[in-house]
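Residue numbers (the numbering used here), protein chains in the order written: chain A, 59 to 238; chain B, 21 to 337.
Glycine included, C-beta positions come from ideal geometry on N, C-alpha and C.
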């Protein structure tokens, strides 16, 4: 049984708030590079960049790109072969503030891979993390700076994030977990 | 995928996936840090029973850029020259703990024997076996064609409608065989041009047309002209009267090169016999992809190693 926890409007509001929070802590849109982690993080990163452009119409557009972490994962020999997605880092990230964007923060291992991948692209002055959903169960000392929604879950449950551009509809739902 | 032995049994989807992963690997080659941690802790053995410079170096670079440990083994100066069998060599490599074996062997089918034998539980990549196949060369050729035809937007593309003319020593060429299968799987139409003595006997099942006239083939304005090396070391009989006559009739000389459309590309798997199958003007022109093929070779071999060596090992037997 899937239970919807965020509707399309909730997702939009969360992303708008995150965009404001990024601007607030960065004191404006300068020096920002927003990198989405495939697949759905890329869409979210693009939307955050668009929202920032709306909030700060006079500033130069924020650099937005994608960072694929497949080649840096620590579970490559434990699962089936994963197909990597393209990486596109806009310009140099040296001395910039990089905001990593992903849909769900769970074990933290994807973000660890992303930090390693980032290391091979340059040396940002700071790295921040924005996620749409934080579902807990961290296995590494990693936390998000900007969270759309904290969703306490059990490990048996599944979080589904659907986004218009990829899935045709848009919601976040929790599925499974047995007794209900 | 467990082994890469032949392009004949490669599906269109699998081939395009390897080419797309190679695009990602090519992007990595543009970075300041060209290394990925992907195959850390894995061991790749380059098992070369035949001489090779570029293929071995290319595989070595590919494995190292994926952080794998590389052991180079060439038959010269090893126990093979003392008469060790392929089985014993394979079992030695298994005992060392090889995860991947890149094998080049003078006997057609040697990689398939290694893969099916059960002597070693490693991913096998065929880096050229006799006159049979050389799948990574065909993959890098397809990759090079795709990149030239769709610059900046080659990801996910096949080669539908592309015309490729392969010229030269088809009989001894594993590159030609691998290319015939792969390029036709990807949708290209392949035309082979060679002296009748250098055409294999059984080509009826090949997805390619065969001709003997290079001038006619060039006037048909193919998208790609691929020149093959005259393999003097495999020719123990007179297949053509003289190298000069070969060059006159089947070589891409300056005159034929001028007649090619400016958009068509000239390929050669290397090493080139300049002045024999290809003139210097053609080899060094902007239409030539010879050096691109070498650079792309590393990306494609990284992709092949990634596909074979990452992922949970299917439990053997």
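query: Where does residue 99 of chain A sit, in a helix, a strand or coil, going by DSSP?
result: helix
task: Can you check the region 98-163 of chain A for any beta strand (DSSP E) of at least 3 residues that lies completely inside it and give the ranges in chain order?
output: 121-124 and 155-163
message: I want to verify the contact list: residues of chain A whose CB lies under 8 Å from the CB of residue 57 of chain B, in sequence order.
response: 129, 130 and 174
message: I'd like the list of long-range same chain contacts for residue 267 of chain B, defined as Cβ closer than 8 Å, with 5 residues on each side in sequence excluded.
response: 273, 295, 296 and 297
query: Just checking my contact of residue 150 of chain A with residue 180 of chain A at CB under 8 Å: how many whole Å lie between their CB atoms?
result: 6 Å
- prompt: Taking one C-beta from the region 211-223 of chain B and one from the region 182-199 of chain B each time, how about it: are there three or more such pairs within less than 8 Å?
  reply: yes
message: Rounded to whole angstroms, what is the Cα-Cα separation between residue 238 of chain A and residue 226 of chain A?
response: Unreliable placement is indicated for residue 238 of chain A, whose pLDDT of 48 sits below 50; the coordinate value is still reported in the next sentence. Roughly 28 Å between the two C-alpha positions.
task: Identify the contact partners of residue 152 of chain A in chain B, using a Cβ-Cβ distance below 7 Å as the criterion.
output: Ordered by position in chain B, no residue passes the 7 Å Cβ test against residue 152 of chain A, which lies about 10 Å from the chain.
task: Measure the C-alpha to C-alpha separation of residue 37 of chain B and residue 200 of chain B and round it to an integer number of angstroms.
output: 19 Å
- request: Compare the C-beta of residue 78 of chain A against all C-beta atoms of chain B and say whether one is closer than 9 Å.
  value: no
- prompt: Taking contact to mean at least 3 C-beta pairs separated by less than 8 Å, is the region 246-261 of chain B in contact with the region 297-317 of chain B?
  reply: yes
- prompt: Does any residue of chain D bring its CB to less than 9 Å from the CB of residue 40 of chain B?
  reply: Looking at the structure shown, chain D is missing, and the protein chains on hand are A and B.
CA-to-CA distance, residue 209 of chain A to residue 69 of chain A, given in whole angstroms: 14 Å
query: residue 164 of chain B lies in the alpha helix (DSSP H); which residues open and close that run?
result: 155-169
message: At a CB distance below 7 Å, what residues from the region 134-150 of chain A approach chain B? Give them in sequence order.
response: 134, 135, 136, 137, 138, 139, 141, 142, 144 and 145
Coarse secondary structure for residue 208 of chain A, derived from DSSP in three states: strand
- prompt: Looking at the C-beta of residue 180 of chain A, does it have a partner C-beta in chain B at a distance below 9 Å?
  reply: yes
field: Given 8 Å, three or more beta-carbon pairs between the region 81-101 of chain A and the region 151-169 of chain A
entry: yes
query: Rounded C-beta distance between residue 115 of chain A and residue 129 of chain A? I'm assuming under 8 Å.
result: The pair is not a contact, with the Cβ atoms about 38 Å apart (cut-off 8 Å).
- request: Kindly list, in the order they appear in chain A, the residues whose Cβ is closer than 7 Å to that of residue 37 of chain B.
  value: 141
- request: Kindly identify the DSSP beta-bridge partner or partners of residue 179 of chain B.
  value: Answer is none; residue 179 of chain B lacks a bridge partner.
task: With residue 64 of chain A as the anchor, note down where its beta strand (DSSP E) starts and where it stops.
output: 60-64
field: Which of helix, strand or coil DSSP assigns to residue 194 of chain B
entry: helix
query: Does the beta-carbon distance from residue 232 of chain A to residue 60 of chain A come in below 9 Å?
result: yes
- prompt: Taking DSSP as the reference, what is the three-state secondary structure of residue 66 of chain B?
  reply: strand
query: Of all Cβ atoms in chain B, is any one closer than 9 Å to the Cβ of residue 126 of chain A?
result: yes
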